[in-house]
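The next block holds one structure in the form of structure tokens; read it before the comments.
Number of protein chains: 2
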Amino acid sequence: MKFSKGQSCDTCLLKCDIYSTLIKTENGMEENKPLHAILKKHDVICKQGTEVTHAIFLVKGSAKLYIEGLNNRNIILYILKPPAYIGLLSFFDSPFYSYSVTALEESEVCFIELGLVKKLYVENHELLLSLNKAFGKSVTSIMKKIISLNQKQIRGRIAENLIYLSELHNSHSFHLGLSRKEIGEMTAISEENTVRLLTEFSKEKIIATKGRNIEILDMPLLKKISEVG
Amino acid sequence: MKFSKGQSCDTCLLKCDIYSTLIKTENGMEENKPLHAILKKHDVICKQGTEVTHAIFLVKGSAKLYIEGLNNRNIILYILKPPAYIGLLSFFDSPFYSYSVTALEESEVCFIELGLVKKLYVENHELLLSLNKAFGKSVTSIMKKIISLNQKQIRGRIAENLIYLSELHNSHSFHLGLSRKEIGEMTAISEENTVRLLTEFSKEKIIATKGRNIEILDMPLLKKISEVG
DNA sequence: ATATAAAGTTGATATATAACAATGTTACAA
DNA sequence: TTGTAACATTGTTATATATCAACTTTATAT
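Sequence order for the protein chains is L and S. Our numbering puts the first sequence at residues 1 to 229. Our numbering puts the second sequence at residues 1001 to 1229.
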């Protein structure tokens, strides 16, 4: 992880809610410059169990948000793409992260001191409301995940996940930033069965795979498989 | 569900955050009297998929919060006891509930118009912060639940659930407000296996059961079983 | 008090999925 | 360029857990 404090928000293309609040209020931009960091693949952005000290904003790249469970097994809840708040779910409540986030590729994030964020949203409820909104979205997706993991069987889970990834990439044809093992961690399926199911779907001409490149050939069927469970 | 609008917050013993905000600000108490309701067992308090129109506050009794999944199967996430916000998780984000809540016994709730709550927390961030805090707590507990349901096996899940219920009742000996089927819905275990495990634990002198009364005899062992998975 | 439904129980069987093992393939560093 | 580690694949076996079926007990309503 490479930090730099020179970077100015003025040149940032994303303009997060925190930034817009900062310039709206009389809090100077200069003394509150966020910490900018460039991350390599596999770099840990935040770690389950550690203290929440900054709001983190994903500016570039992508990351996986996951809970570290028993026996070194992870469950990936979702993939983050910019613009996304990372500290979000742990933000208001506990001082400790209840999950971890690591970069899936070369990425960039901003660290904004929690003290500043808190100060800002006491002065400005717009910010708190917008943070809340993003927060709520995550909850809805987590509910869906719980149903999926517990009530669908592996074929349905993989199908659902492929649809999710396709929507994330906005295309029926995309490059997985994820290993088979990680696909397994998103669906709570063993690595071996993940592989088996992907080749099964290939044989059935529902998808086409070439290494980590995936193309969805029969989306309606995939949706059906996902819905049946 | 029996409604009454006569009830005044002044006589309420709980004094929720919304009430304290209401009297702190110049919003009159009289014109903003909440809708008070008395519920019977099994009464639905809010229903997954329906519009969120009120903040709901549980004043008396208890309720189960659950997601309605596939094939009429539910997953109970947790039990609510007063004081508790019910609309919470769906509050900020979506206009629709992502879960359902029903009363487990004769209970009382307050319905506070969402418009009023929103107006209040724009005027008063203290309220928003306190709602947020409660919100965050739920998220943490849901994370735990995901791990439990996906990475522990049924013995560990039942053990964990018995500990949870014991803590909820603040006693090693308590009356379940839940059927065996509902215990199964809390742990994602079939009703039959739920029964089997409870009798198993009884035979092993870890618990003692008499109908829906449960006494935990060996808490350390139960904790061990829960941790091992 | 009796009927009927809901809840609880127990055993036998089926099955989805993980775990194990072995091997092939690709990426990457010395 | 070769060696090493991470990733991917395939077949076999083991097992946890659901499902099915039959039965008992307890509530609830007439």
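Glycine residues also receive a C-beta, built at the ideal position from the N, C-alpha and C atoms.
7 Å Cβ cutoff met for residue i and residue j
{"i": "Ile1038/S", "j": "Lys1002/S", "result": "yes"}
{"i": "Ile1225/S", "j": "Gly1156/S", "result": "yes"}
{"i": "Gly1177/S", "j": "Glu1105/S", "result": "yes"}
{"i": "Tyr66/L", "j": "Asn72/L", "result": "no"}
{"i": "Pro1032/S", "j": "Leu1116/S", "result": "According to the sequence provided, residue 1032/S is Asn. The question's Pro does not apply to it. Contact flag set, yes."}
{"i": "His1054/S", "j": "Leu1120/S", "result": "no"}
{"i": "Leu96/L", "j": "Glu51/L", "result": "In the sequence under discussion, the amino acid at residue 96/L is Phe, which differs from the Leu named in the question. Cβ distance < 7 Å, so Phe96/L and Glu51/L count as in contact."}
{"i": "Lys47/L", "j": "Ser100/L", "result": "yes"}
{"i": "Cys16/L", "j": "Phe57/L", "result": "yes"}
{"i": "Leu1128/S", "j": "Leu128/L", "result": "yes"}
Residue i versus residue j - alpha carbon distance
{"i": "Ile1112/S", "j": "Ala208/L", "result": "53 Å"}
{"i": "Glu192/L", "j": "His175/L", "result": "20 Å"}
{"i": "Ser190/L", "j": "Gly184/L", "result": "6 Å"}
{"i": "Asn150/L", "j": "Glu68/L", "result": "18 Å"}
{"i": "Lys1040/S", "j": "Lys1203/S", "result": "35 Å"}
{"i": "Ile1079/S", "j": "Ala1063/S", "result": "6 Å"}
{"i": "Arg1196/S", "j": "Ala1159/S", "result": "13 Å"}
{"i": "Asn132/L", "j": "Leu165/L", "result": "25 Å"}
{"i": "Val1059/S", "j": "Thr1199/S", "result": "35 Å"}
{"i": "Ile214/L", "j": "Met186/L", "result": "16 Å"}
{"i": "Glu227/L", "j": "Pro1083/S", "result": "37 Å"}
{"i": "Met219/L", "j": "Ser130/L", "result": "34 Å"}
{"i": "Ser1148/S", "j": "Ala1188/S", "result": "10 Å"}
{"i": "Ile1142/S", "j": "Glu1126/S", "result": "25 Å"}
{"i": "Ala1103/S", "j": "Lys1081/S", "result": "10 Å"}
{"i": "Ser1008/S", "j": "Thr1140/S", "result": "34 Å"}
{"i": "Lys24/L", "j": "Lys118/L", "result": "15 Å"}
{"i": "Leu1222/S", "j": "Ser138/L", "result": "33 Å"}
{"i": "Asn1124/S", "j": "His1036/S", "result": "24 Å"}
{"i": "Gly1061/S", "j": "Asp1043/S", "result": "12 Å"}
{"i": "Thr1021/S", "j": "Ala134/L", "result": "25 Å"}
{"i": "Ile1154/S", "j": "Gly1229/S", "result": "8 Å"}
{"i": "Pro1034/S", "j": "Ser1107/S", "result": "16 Å"}
{"i": "Gly1087/S", "j": "Val1109/S", "result": "11 Å"}
{"i": "Thr194/L", "j": "Val122/L", "result": "47 Å"}
{"i": "Ser1004/S", "j": "Ser179/L", "result": "58 Å"}
Three-state secondary structure assigned by DSSP to residue i
{"i": "Ile1158/S", "result": "helix"}
{"i": "Glu227/L", "result": "helix"}
{"i": "Lys1015/S", "result": "coil"}
{"i": "Lys1064/S", "result": "strand"}
{"i": "Leu77/L", "result": "strand"}
{"i": "Gln153/L", "result": "coil"}
Residues bridged to residue i (per DSSP)
{"i": "Val1044/S", "result": "Thr1102/S"}
{"i": "Ser1004/S", "result": "His1036/S"}
{"i": "Tyr1085/S", "result": "Phe1057/S"}
{"i": "Leu1022/S", "result": "Bridge partners of Leu1022/S: none, in fact."}
{"i": "Ile216/L", "result": "Ile207/L"}
{"i": "Glu1051/S", "result": "Phe1096/S"}
Cβ-heavy atom distance, residue i to the ligand ADP, below 6 Å
{"i": "Cys1046/S", "result": "Questions concerning the ligand ADP fall outside what the structure shown contains, since it holds no ligand whatsoever."}
inquiry  = Suppose only complete runs of 3+ residues qualify. What are the beta strand (DSSP E) ranges in the stretch 1105-1136 of chain S, listed by chain order?
reply    = Qualifying beta strand (DSSP E) stretches, in chain order: 1107-1113.
key: Continuous beta strand (DSSP E) assignments of at least 3 residues falling wholly in the stretch 171-213 of chain L   = Segments of the beta strand (DSSP E) lying fully in the stretch 171-213 of chain L: 173-175, 207-210.
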